[in-house]
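Some notes on the structure that comes next.
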Amino acid sequence: MNQTEALAWIADLFEVLPQKIQPDTKREAIPAWDSLGVLTLMAALDEQFGILPTEEEMQSMQSVQDILNVLNKNGTID
Amino acid sequence: MRFILVDRILELVPGKAIRAEKLVAADEDYFSDHFPGFPVVPGVLQIEMMAQAAGKCLDAEDPARGKAMLARIVSASFRGWVKPGSTCRIFAEVKSSRPKFATVEACIEVEGSRVSDAELFFTFIPLQQFAPGYRDEVLESFLSGRP
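Chains P and L are the protein sequences, given in the same order.
This note's numbering applies: residue 1 is where the first sequence begins, and numbers increase by one.
This note's numbering applies: residue 1001 is where the second sequence begins, and numbers increase by one.
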């Protein structure tokens, strides 16, 4: 998928409007990205892309760009 | 009111799948309110039946991980009424099971017809959080081979 699709995927995951999600959007600006959201993201990366980051990697993600970086690193984004 | 919504386990593959049963008594208190003249089992209780059954399947896989707790209802649909006196057959299949979370697809059938289904997300709570000596009698009964 491309970056636009990745942003839409993140918006859908955290149940926010797509226009509210940009690479520089911070974690604290996404209400659903709480401790449960971390696990939800972890599960989604695992189930949909076969990506299984460590818990430390998950906790260190502080912005949408960090999620994009994980997707990029694993070749999920074109 | 007790909150044990699985009477017995019929089949269990730890961490993979479970088939369980709940007989809904005809005189459950909540039927007088839900609804007068049209008693049906609330959807939230059907979700809880599925969650309790799925939780036992996960707990049987790796007790040291902690007790499986419902953290998120990803989706749920209610397709038919569950009337007083119904026997609910509860099925759950684990889609992924990791140290910190698990996802499950579950459904309930009554007399061979699907009445509800759900996708559920679980996290795990350390056993130390629970009362000393807390045990899951339904799961233990099945694992020990008792009826």
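Here a beta-carbon is modelled for each residue, glycine too, at the ideal position from N, C-alpha and C.
The model shown is predicted, which means the values in this text are computed figures rather than measured ones.
Inset, instruction - Give the DSSP-derived three-state secondary structure of Ile-1047(L) in the structure shown. - result: Here residue 1047(L) refers to the residue found at position 47 of the second sequence. Correct three-state label for Ile-1047(L): helix.
Legend entry - Within chain P, partners of Arg-1098(L) - CB distance below 8 Å: The residue labelled residue 1098(L) in the question sits at position 98 within the second sequence. Chain-order list of chain P residues neighbouring Arg-1098(L): Met-42, Ala-43, Asp-46, Leu-52, by C-beta distance under 8 Å.
Legend entry - Contact set between Glu-55(P) and chain L, taken where Cβ atoms lie within less than 9 Å: On the first sequence, residue 55(P) is found 55 positions in, with the first residue counted as 1. The contacting residues are Pro-1099, Lys-1100.
Inset, instruction - For the region 1061–1070 of chain L and the region 1079–1090 of chain L, state whether three or more C-beta atom pairs, one from each stretch, are separated by less than 8 Å. - result: The region 1061–1070 of chain L makes no contact with the region 1079–1090 of chain L, as fewer than three CB pairs between them are under 8 Å.
Inset, instruction - Note down, in chain order, all residues in the region 1053–1086 of chain L with a beta-carbon under 8 Å from any beta-carbon belonging to chain P. - result: Closer than 8 Å at the C-beta level to chain P, one finds these residues of the region 1053–1086 of chain L: Ala-1071, Arg-1072.
Inset, instruction - Report buried or exposed for Ala-1060(L), applying the criterion of at least 16 other Cβ atoms within 10 angstroms of its Cβ. - result: Here residue 1060(L) refers to the residue found at position 60 of the second sequence. By the neighbour-count definition (other C-beta atoms within 10 Å, threshold 16), Ala-1060(L) is a buried residue.
Legend entry - Expected contact under 8 Å - CB spacing of Phe-1122(L) and Leu-1045(L) to nearest Å: Residue numbering aside, residue 1122(L) sits at position 122 when the second sequence is read from its first letter. Residue numbering aside, residue 1045(L) sits at position 45 when the second sequence is read from its first letter. That pair is no contact at about 18 Å.
Inset, instruction - Quick one: measure Cβ to Cβ for Val-1094(L) and Gly-1015(L), integer angstroms, because I've assumed they're closer than 8 Å. - result: Residue 1094(L) sits at position 94 when you count from the first residue of the second sequence. Residue 1015(L) sits at position 15 when you count from the first residue of the second sequence. By a beta-carbon distance limit of 8 Å, Val-1094(L) contacts Gly-1015(L). Their separation comes to about 6 Å.
Inset, instruction - Ignore the nearest five residues each way along the sequence and tell me which others in Val-1024(L)'s own chain have a CB closer than 7 Å to its CB. - result: Residue mapping note: residue 1024(L) aligns to position 24 of the second sequence, counting from 1. Scanning its chain for C-beta atoms nearer than 7 Å, with the 5 sequence neighbours on each side dropped, one finds around Val-1024(L) the residues Val-1041, Val-1082, Pro-1084, Gly-1085, Ser-1086, Cys-1088, in chain order.
Legend entry - Outcome for Leu-1010(L) when other beta-carbon atoms lying within 10 angstroms are tallied against a minimum of 16: Counted from its first residue, the second sequence places residue 1010(L) at position 10. Around the beta carbon of Leu-1010(L), fewer than 16 other beta carbons lie within 10 angstroms, which makes this residue exposed.
Inset, instruction - Output the boundary residues of the alpha helix (DSSP H) element that contains Asp-1007(L). - result: For the purposes of this step, residue 1007(L) is taken as the residue at position 7 of the second sequence. Under the DSSP assignment, Asp-1007(L) falls outside any alpha helix (DSSP H); it carries neither an H nor an E label.
Legend entry - Beta-carbon proximity of Leu-1120(L) to Lys-1056(L), cut-off 8 Å: One-based indexing of the second sequence puts residue 1120(L) at position 120. One-based indexing of the second sequence puts residue 1056(L) at position 56. For Leu-1120(L) and Lys-1056(L), no; Cβs fall outside 8 Å.
Legend entry - CB of Ala-1054(L) within 8 Å of CB of Ala-1106(L), strictly: Numbered from 1 along the second sequence, position 54 holds the residue referred to as residue 1054(L). Numbered from 1 along the second sequence, position 106 holds the residue referred to as residue 1106(L). In this structure, Ala-1054(L) places its C-beta atom within 8 Å of the C-beta atom of Ala-1106(L).
Inset, instruction - Helix, strand or coil for Ile-30(P), going by three-state DSSP, please let me know. - result: Position 30 of the first sequence, counted from the first residue, corresponds to residue 30(P). If DSSP states are grouped into helix, strand and coil, Ile-30(P) belongs with coil.
Legend entry - Identified DSSP bridge partners for Ile-1018(L): Taking the second sequence and counting its residues from 1, one reaches residue 1018(L) at position 18. For Ile-1018(L), which the question treats as bridged, DSSP gives the partners Leu-1012(L), Ala-1092(L).
Inset, instruction - Pull up the distance between the alpha-carbon of Glu-1021(L) and that of Pro-1099(L), whole angstroms please. - result: Residue mapping note: residue 1021(L) aligns to position 21 of the second sequence, counting from 1. Residue mapping note: residue 1099(L) aligns to position 99 of the second sequence, counting from 1. Near 28 Å, if we compare the C-alpha coordinates of Pro-1099(L) and Glu-1021(L).
Inset, instruction - Spell out the partners DSSP gives Val-1067(L) in its beta bridges. - result: Translated into positions along the second sequence, residue 1067(L) becomes position 67. It is worth fixing the name first, because residue 1067(L) is Lys in this sequence and not Val. Per DSSP, Ile-1125(L).
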